[in-house]
Amino acid sequence: MNPRSPVLRPESQAYRAVIFDMDGVLVDSEPAFFDAVNVVLAEEGRSIDFERYKRLLGTSVEETWRGVISMLNLRGDLQSYVERYDGVLVDCLRAEKPPLPGVIELLAELDRRRVPYAVASSSWQAWVDVVLDSAGLRDRFRVFSTPDVVERQKPAPDTYLKAAELLGESAVRCIAVEDTPPGIAAAKAAGMFAVQSRASSTAFPPIDGADLVVESLEHFPLAMLDG
């Protein structure tokens, strides 16, 4: 964990809800997105290595492709790449992947405590459904905030603010769980307590701005929750 200890609020001000990013937090699905980018690039005899691609983790599909186009000096237009990417991504996402360590146990404990929770993802809802289905998690979630329902994507706070609204909770009473710098920035901009989980294969070093860093959701700060 990082050296900063979580700030425990008085009982009357305890955190009341948990909002999860999906890719890299619930499921180690980021490699599938990377594979899909390279499937599209291979049509032009091009590829991108993961070290360069990693700079784009946590951004919207449009920002991802703007970054790839810039880094590789590609000549195609953004919309063409996004459409081709969408056409191959779902197949890449369908490969069965188990939930990351601690996810099943944490969701069960939140259910036991009747603590509401949601997904706040930069992935479109159709992609979220495929990833969560592949991990056997789709039926565990009822509330989703995705690019389908917000105007601005991470690092803007909209995705997290919408998730809190859908849960019927104040954003400042929510704990957000993230794995990328844009995600942490979005959670903090929304006024949430931001936990960085490092359980995925694409984990970043401790991110500046994270209130707490854990190696997996086995170490989620349950003591901070009301209930």
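Going by this note's numbering, the first residue of the sequence shown is number -5, and it counts up by one from there. All C-beta atoms in this analysis are idealised placements derived from N, C-alpha and C, irrespective of residue type, glycine included. Computed from a predicted structure; not experimentally measured.
Run the CB neighbour count on residue i, radius 10 Å, all protein chains shown included, and call it buried at 16 or more, exposed below.
i, result
"Gln73", "exposed"
"Leu206", "buried"
"Ser195", "exposed"
"Asn(-4)", "Confidence is the limiting factor: at Asn(-4) the pLDDT is only 47, short of 50, which leaves the residue's position unreliable, though a coordinate-based value still follows. It is exposed - the Cβ of Asn(-4) has fewer than 16 other Cβ atoms within 10 Å."
"Glu24", "buried"
"Ser(-1)", "Confidence is the limiting factor: at Ser(-1) the pLDDT is only 46, short of 50, which leaves the residue's position unreliable, though a coordinate-based value still follows. With fewer than 16 other Cβ atoms within 10 Å, it is exposed."
"Arg146", "exposed"
"Ser116", "buried"
"Phe44", "exposed"
"Gly18", "buried"
"Leu2", "Residue confidence is low: Leu2 scores 47 on pLDDT, short of 50, so the model does not pin down where it sits. Its coordinate-derived value is still stated next. Label assigned to Leu2: exposed."
"Asp202", "exposed"
Considering residue i, what are the terminal residues of the beta strand (DSSP E) in which it resides?
i, result
"Glu172", "Cys168 to Glu172"
"Val137", "Here Val137 belongs to no beta strand (DSSP E), and DSSP marks it neither H nor E."
"Gln190", "Phe187 to Ser191"
"Tyr111", "Tyr111 to Ala114"
"Val207", "Leu206 to Val208"
Enumerate in chain order the residues of its own chain whose CB-to-CB distance from residue i is below 6 angstroms, with the five nearest sequence positions on each side excluded.
i, result
"Glu212", "Pro95 and Gly96"
"Leu100", "Leu211 and Phe214"
"Gly61", "Leu50"
"Arg78", "Val34"
"Ala184", "Pro151, Tyr154, Leu155 and Ala165"
Using a Cβ-Cβ cut-off of 8 angstroms (strictly less than) and excluding sequence neighbours within five positions of residue i, which residues of its own chain qualify?
i, result
"Ala11", "Val109, Pro110, Tyr111, Ala112, Ala158, Leu161, Glu163, Arg167, Cys168 and Ile169"
Are the beta-carbon atoms belonging to residue i and residue j less than 7 angstroms from one another?
i, j, result
"Lys91", "Val21", "yes"
Helix, strand or coil for residue i? Go by DSSP, reduced to three states.
i, result
"Asp127", "helix"
"Phe214", "coil"
"Asp71", "coil"
"Asp133", "helix"
"Leu219", "strand"
Closer than 7 angstroms by C-beta to residue i: which residues in its own chain qualify, once you throw out the five before and the five after it? Chain order, please.
i, result
"Glu103", "Leu216"
"Leu66", "Arg40 and Ile42"
"Ala181", "Tyr154, Ala170, Glu172 and Ala188"
"Ser191", "Val19, Val171, Asp173, Val208, Ser210 and Leu211"
Along the alpha helix (DSSP H) that carries residue i, what are the first and last residues, could you check?
i, result
"Ile63", "Val55 to Leu66"
"Ile13", "Counting along the chain, Ile13 falls outside any alpha helix (DSSP H), though it belongs to the beta strand (DSSP E) covering Ala11 to Phe14."
Consider the Cβ of residue i: report whether some Cβ of chain C lies at a distance smaller than 7 angstroms.
i, result
"Glu99", "Absence of chain C from the displayed structure is noted, only one protein chain being present."
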